[in-house]
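Everything on this sheet refers to the single structure shown next.
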Amino acid sequence: MDYEKVLKDAIQYANEAGEYLLKQFYEDFKIDLKGSKDLVTEVDYACEKLIIENIKKTYKNHNIIAEESGKHETDSEYTWIIDPLDGTINFTRGIPIFGVIISFEKNGETIIGVHHLPAINQTYYALKGKGAFLNDKPISVSNNDNLSNFIIGTGDFNIGKNNSERDLDNKLLSTITSSLSPMTMRTKILGAACADLAFVASGKIDVLFYAFSNPWDVKAGILLIEEAGGKVVQIGDMTIFSNGQNLDEIKNVFI
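The opening position of the sequence shown corresponds to residue 1 in this note's numbering, with each subsequent residue numbered one higher.
Spelled out as structure tokens, the structure:
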């Protein structure tokens, strides 16, 4: 498998999907509830269909896992994982922080990750062992090792498929705001994994906390962060995406 070509194709698929999202961003579209605290739009479905069709033109025998339509399984060792519109709620409210996430795996190991943020014309990508990039320029996590200067981030809160997941979200928020935020400079909630994890990888955010996550939200971003020199660690149900600095001090807040 020529992974350089697969990466080029993945970026193209993300860019084409991003062009579609931008066209729809200023139009009226149908919005439905997906669970009690989440939304899905006709744009999500149409964009996902576009990406899947593009993948199948060249990689017809590969597995695909898509947020909205689920698993498209074959017996291949290769799998594409796609989030066609990450940050749907932002999108529906006219907030230009949304994007396309695509990752590519071989036997469960992430080889390629792409985050495309069309509204700000930024494409982050990584190929395992080759580094991480933003618009073709190398990126790295921040070298900030002073916790008092940290910009920290969290995912949205009061979300999840059930009360248990929402309780995890809100408990994490409470701990962050009461114990960790006072030790740092600022706390950000952007509302989209495509931006959250890419901003850690590129040094804009020093550390990020998610109570739980879906594979289409984080697999590409984990590769971005690791290839940019960062670390991803798990504490119970919480994931920490970081520049690797001050981790012991940070973890002590939650233990």
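Quick reminder that beta carbons are idealized off the backbone N, C-alpha and C, glycines included.
Predicted model, so just to flag it, every value in this text is computed and none were measured.
Please list, in chain order, all residues of the same chain as residue i whose beta carbon is under 6 Å from its beta carbon, the five residues on each side excluded.
i, result
"SER181", "THR187"
"PRO215", "ILE81"
"GLU227", "ALA126, GLY131, ALA132"
"TYR210", "GLY155, THR239"
Please classify residue i as buried or exposed, where buried requires at least 16 other C-beta atoms within 10 Å of its C-beta.
i, result
"PHE179", "The identity of residue 179 in the sequence shown is Ser, whereas the question assumes Phe. Flag for SER179 reads exposed."
"GLN234", "exposed"
"ASP2", "exposed"
"ASN162", "exposed"
"ASN135", "exposed"
Grab the span of the alpha helix (DSSP H) containing residue i for me, first residue to last.
i, result
"LEU147", "From DSSP, LEU147 is part of no alpha helix (DSSP H); its letter is neither H nor E."
"GLU249", "247–254"
How would you write the range of the beta strand (DSSP E) that residue i sits in, first residue to last?
i, result
"GLU19", "From DSSP, GLU19 is part of no beta strand (DSSP E) but of the alpha helix (DSSP H) over 3–25."
"PHE133", "132–134"
"PHE104", "99–106"
"SER140", "Premise fails: SER140 is in no beta strand (DSSP E) and is neither H nor E."
"LYS231", "231–235"
"ALA126", "122–127"
"PHE241", "238–242"
Tell me which same chain residues have a C-beta within less than 7 Å of the C-beta of residue i, skipping the five on either side of it?
i, result
"THR74", "ASN61, HIS62, ASN63"
"GLU249", "LEU147"
Quick one: residues in its chain with C-beta nearer than 8 Å to the C-beta of residue i, no 5 flanking neighbours on either side, listed in chain order?
i, result
"GLU77", "LYS106, ASN107"
"ILE11", "VAL114, HIS116, THR123, TYR125"
Beta strand (DSSP E) segments (min. 3 residues) lying fully within the stretch 160–218:
Here the runs fully enclosed are 186–189, 207–210.
Under 8 Å, with one C-beta from each stretch per pair, do the stretch 86–95 and the stretch 238–247 reach the 3-pair mark?
They do not touch, by the three-pair rule.
At which residue ranges does the stretch 32–87 contain complete alpha helix (DSSP H) runs of 4 or more residues, listed in the order of the chain?
If we require 4 residues or more, the alpha helix (DSSP H) runs fully inside the stretch 32–87 come out as 42–58.
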